[in-house]
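Keeping their order, the protein sequence lines are chains A, B and C. Counting along the first sequence from 1, when you hit position 241 you're at 241 in my numbering, and nothing is skipped either side. Counting along the second sequence from 1, when you hit position 60 you're at 1060 in my numbering, and nothing is skipped either side. Counting along the third sequence from 1, when you hit position 173 you're at 2173 in my numbering, and nothing is skipped either side. Quick reminder that beta carbons are idealized off the backbone N, C-alpha and C, glycines included. A quick write-up on the structure given underneath.
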Amino acid sequence: MFKYLNHLVISKFVMAATGAFIVLFITGHAIGNLQIFLGKDALNTYAAFLQSLGEILWAERIVLGLAFVLHIITSIYLKLYNNKVRPTKYAVTKYIKARFSSRTMIWTGIMIGSFLVFHILHFTSRDIDPKYKEMHEVYQDEHASYFGFDETVMQATNANDFGIGMHPIIKQRHDTYAMVVDGFQNIWISLFYILAVILLGFHLSHAIQSMFQTLGINGPRFTPLMIKISNAYGIFIALAFAIVPLSVLLGFIGRGL
Amino acid sequence: MILDSKVPSGPLEKKWSQFKADMKPVNPANKRKFKVLVVGTGLAGGAAAATLAELGYNVEAFTYHDSPRRAHSIAAQGGINAAKNYQNDGDSIWRLFYDTIKGGDFRSREANVYRLAEVSANIIDQSTAMGVPFAREYGGYLSNRSFGGALVSRTFYARGQTGQQLLLGVYAALSRQIEAKKVKMHNRKEMMDVVVVDGRAVGIVVRDLLTNKLESHYGDAVILATGGYASVFYLSTNALYCNVTASYRAYKRGAAFANPCYTQIHPTCIPQSGDHQSKLTLMSESLRNDGRIWVPKKAGDKRNPADIPEEERDYYLERMYPSYGNLSPRDISSRAAKRVCDEGRGVNATGKAVYLDFSDAINRLGQKVIADRYGNLFDMYENIIGVNPYKNPMMIYPAAHYAMGGLWVDYNLMSSIPGLFVLGEANFSDHGANRLGASALMQGLADGYFVIPNTINAYFGKGKPQTIPTDHPEFKKVEVEVQERITKLLNVNGKQSPTQLHKKLGAIMWEYVGMARNREGLKKAIGLIQELREEFWHDLKIVGPDSYLNPVIEKASRVADFMEFAEILAYDALMREESCGAHFREEYQTEEGEAKRNDKDYSYVAAWEFQGVGKEPILHKEDLKFEFVHLGERSYK
Amino acid sequence: MRINLHVWRQPNTEAKGHIQLYTLDDVSPDMSFLEMLDVLNEQLIQKGDDPVAFESDCREGICGTCGMVIDGIPHGKQSGATVCQLHMRKFKDGDDIYVEPYRHTVFPVIKDLFVDRSAYDRIIQAGGYVSANVGSAPDANANPIPKGIADLAMDAAQCIGCGACAAACPNGSAMLFVAAKVSHFNLLPQGQPEKATRARAMVKRMEDEGFGGCSNYYECEAACPKNISVRFIAKLNRDYLYAAFKEGV
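Quick look at the structure:
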């Protein structure tokens, strides 16, 4: 399976293609996150929707995981290979066009990768703080109601007074909102997240235009524009992710929770 | 020595096709049994090596560069002529032939020049097919420009890098044959001598520049395509490695050297800035279309050019040649520049430069128009000199540029040693006493792509020559001689570097054997060269390792040959008591200072036979018979 | 001007090199960088020392023979120029200048600043040509080529094969060189029959020679004395992808 690593240009395509997939995911993730500003209900609904996808979610997770694995293995392999080609440094090191972001891709990549592990354990599998597994919210499903009597719901909500008749559906779901707020109220975790997403934005600012170049899309007007878009995109992603912990820290979100 | 040109009989335009029809081709199955050594991988040598390999010959190619792509053909800027008549302006093979022979002041062989014109069109076809990106018009068809000495537009070009693109085409073809194992490429090996057995060239001795070891190679034929010798002047537009060694060693082994005095001086080069100068850079002559050439009227006037009022300037070309003015031919404007500088009116710190002033043109047309026309040249000038030529006049000075002379060859491009062929600038055959612009690339490729594959066939058609093993006593003898010469260089233990001595030689050559020559000066030069050669062998200093890469030894070995060759050049110039083309003898000029040719006494090729170092060589004459053209006056008044 | 030259000296490939300081007085601003080295070498010869070995031939920026790293940049700080076109007026009196050979495992140092760049030749041999035997060509105007295409091919064809791109690349990749050569032919109609094979074979040879991979740093473009654009690398990637689908890798 890793035979492609012997081909430098194919390896580059793998980097670009897996990168493209990850970028799509990241974009969706960042926009999804912003729903926290629409309130607890919106976020938790969104989270529950994702959970409800079931097999589709798992298929996506597997493909994404594979993309990450290939992206990481290829990059590390290439880096080690390339380092062997030019083992001796010049007495004076000077770069003209190679931007700092491009030269640090492997390092920002490794740091983002480590962050990712933490992030998954923190908010996805919730093993870092197991209490997140138990955070539930009981809510009222506005889209449906039923006629009858449901003891479990009655017990859970302590809402005996509804009696018999038309009832809104009362359900229970994971309280992602509370988890996020709780997580980010820890200043160190928040700062760690903010730092990581800045690195991510930095990584992406080179990655996007690099991806187009690798896939052979380059033109005298397109490329300068794409470099600008790439920078803007990196900033956007960093801001979109960072604004959540920042807002929690500053108390714009989750006050009174 | 009998110089038989072997020109086929019959009408001029039929000679080449008749030659090909009469030739007995080598059986294709046998071709790989013939080994051909090609020395030099520029346009001529590289094209020959690739083409012969395509035909099936077993080829070995040699270059002293690290790669065949670096030959100095690469530096040719302007373009390549071809009688395509794409512009419908009346061009034809005959017209290109006539322009070339007239440009050479009727000192070249009719049949060779006609053949050159004949195959010129094929060169463009072939190069295009190989992917040479010639300039094109919007319709997608090839673009042409006009060039000096021609009234039609027949020059094909690839920006200002025509030589580069053509050489890369050759290099690509050669690379393909190397990959196919049909050419064995020897990089960083310099030819030191030719081996001749029973009057036939059978191989070469080369020096591996990395290890300083000598190697012998056998070949059923040896092709020299080793370029020209303009570096005999030290400062020239030639590359630093350019040298005469291969040709000169062949000459010492019995090949006749023809017309060495025909050396072209180019008028528009960037002047020398000081003693450190290593080479001179050519700028396109097209600059003279809009620039006005002048010097101060007063000798020693060191004022800033802007401070010199109009009436104190001498626009000497406009004054002396009112009709052609600043566009006078290369040799005339070069000599005029030297004359005013010798009068002490030269500019620049060295006093060896004249102004080429664009202020009139800029006032008339605006800076933008001038920038569109010459922008890249102005940038190049500013980079080298550090002066903005839009604000201050440019400075130019003539420099040695090209060698029309070279080893004598017959119609087959074979030298007077059977089996030794000479192509490109290294031979004498096509340019007579002066070369037209954009003709050097044409000749190199014609020789390599189209002529030699046919003429070598004619040589081999007689049957395969007997193979001489490289442990043959003659190979050993030549190896020993080459080694002894190197050892001798190493053992001089004097005080001067090869470069210092080369500079001294260049100074003598430029002063007395440069663009204007006279009897006394040439005689004096011969004496000075002999003295300098003595000095060389008593005062040369070589440092560095002698069994590993050592550029000082390389340089010394080349300069040693220049020290001998320079004398032949001077003898030839002294012998030729007429002015023709680039050879100008002050004694033979019209009242207006024009060259005065003497067809009655000097309408021949002067081919020199080696007699020993310091001895006057024997002159052999190949009479030039002009059956098809009328010898006209060359007037630019 | 007075110049402090820190020059890499290494007697042969196996030897361990070191930086040696030479101080040159009376450097004229009109000298080219290589002429300044010539002056240094003449002084070394007078002293009986081995002069600094470096390669250069045409000294007008076209042959590609010269190439050394000056203050960390192949061919020095002047953009779009070879080292032979760099003049001392670009430096100041009292400057310290570091001069090193290309540092690349594929370009081993032969001596001092002299390196072996024959790998570039072998890449060309793998496919940098149109297979058109002499004699087989149709009339040059038989196939018109749009001017834009011809000009773009010329932009790529300007490469002088000096090795600066691989020397400048932090990965030691020769992609700009390969891309320029592949693009030159693959853009033109004459190059179409061998388009896929050429892209595949030349990249393969580049890999076999031991060059690194491209990370889109674009440092090659900055160092290129002929300003060859990295857009040709994108084109090479495209052609390679096409070739990979067509012929495999």
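Between P1305/B and P1398/B, the C-beta spacing is not below 8 Å.
In this structure, the CA atom of V1543/B is about 20 Å from the CA atom of L2021/C. Neighbourhood of G201/A in chain C, by CB distance below 9 Å: empty, with the nearest CB roughly 18 Å away. About 5 Å separates the CB atoms of G1169/B and S1127/B; that is less than 8 Å, so the two are in contact. Around the C-beta of I1080/B, 16 or more other C-beta atoms lie within 10 Å, and the residue is accordingly described as buried. Assignment of P2074/C by DSSP, reduced to helix, strand and coil, places it in the strand class. Q1126/B reaches chain C at V2134 and A2137, counting residues in chain order whose Cβ is nearer than 7 Å. With respect to D2095/C, N2004/C sits close: the two C-beta atoms are nearer than 8 Å. Looking from the CA of G1228/B, the closest CA among L1569/B, V1613/B and K1600/B belongs to L1569/B. In the DSSP assignment, P224/A falls within the alpha helix (DSSP H) that extends over F222 to L249. Ranked by Cα distance from K1464/B, the first of F1428/B, G1419/B, A1111/B and L1436/B is G1419/B. Exposed is the label assigned to R61/A, since fewer than 16 other Cβ atoms lie within 10 Å of its Cβ. For K1541/B, the nearest beta carbon of chain C is closer than 8 Å to its own beta carbon. Within the DSSP secondary-structure output, A1403/B pairs in a beta bridge with T1263/B.
Q1264/B counts as buried, since no fewer than 16 other beta carbons sit within 10 angstroms of its beta carbon. Judged by DSSP in its simplified three-state form, M1414/B adopts strand.
No residue range can be given for T1350/B, since it is assigned to no beta strand (DSSP E) and is classified by DSSP as neither H nor E. Under the Cβ distance rule, S210/A counts among the residues neighbouring chain C, one pair being separated by less than 8 Å. Between the segment 2200-2219 of chain C and the segment 95-115 of chain A there are three or more C-beta pairs closer than 8 Å, enough to call the two in contact. Closest in alpha carbon position to V1295/B, among Y1381/B, M1395/B, K1084/B and K1213/B, is M1395/B. Rounded to the nearest angstrom, the Cβ distance from C2084/C to R2059/C is 4 Å, consistent with a contact under 8 Å. Chain-order list of chain C residues neighbouring Y95/A: E2219, by C-beta distance under 7 Å. The beta carbon of V2182/C is closer than 7 Å to those of R2198, A2199, M2202, L2236 and D2239 in its chain, skipping five residues each way along the sequence.
Of all residues in the segment 217-250 of chain A, only I217, N218, G219, P220 and T223 place a beta-carbon less than 8 Å from a beta-carbon of chain C.
Between N1326/B and R1288/B, the beta carbon gap of about 5 Å places them in contact (Cβ cut-off 8 Å).
Sequence-distant Cβ neighbours of M211/A in its own chain, meaning closer than 7 Å and more than five residues away, are A16, G19 and A20.
Three or more beta-carbon pairs separated by less than 8 Å link the segment 198-209 of chain A to the segment 224-243 of chain A, which places the two stretches in contact. Only those residues of the segment 2104-2126 of chain C whose C-beta falls short of 8 Å from the nearest C-beta of chain B are listed: I2110, K2111, F2114, D2116, R2117, S2118, Y2120, D2121, I2124, Q2125 and A2126. Nearest to D1430/B by alpha-carbon distance, out of S1416/B, D1447/B, F1421/B and S1415/B, is D1447/B. Membership of N1454/B in the alpha helix (DSSP H) is indicated by the continuous run I1452 to F1460. Listed along chain A are G216, each with a C-beta nearer than 7 Å to that of K2235/C. In this structure, the CA atom of Y1355/B is about 14 Å from the CA atom of F1378/B.
Contacts with chain B (Cβ-Cβ distance below 7 Å) from the segment 2151-2163 of chain C involve A2153, M2154, A2157, Q2158 and G2161, listed in chain order. Taking 9 Å as the cut-off between beta carbons, none of the residues of the segment 1250-1269 of chain B comes near chain C. Ranked by how close their Cα comes to the Cα of A1595/B, the residues A1525/B, R1517/B and V1552/B have R1517/B in first place.
When Cβ pairs closer than 8 Å are counted between the two stretches, the segment 2105-2121 of chain C is seen not to touch the segment 1145-1155 of chain B, the count staying below three.
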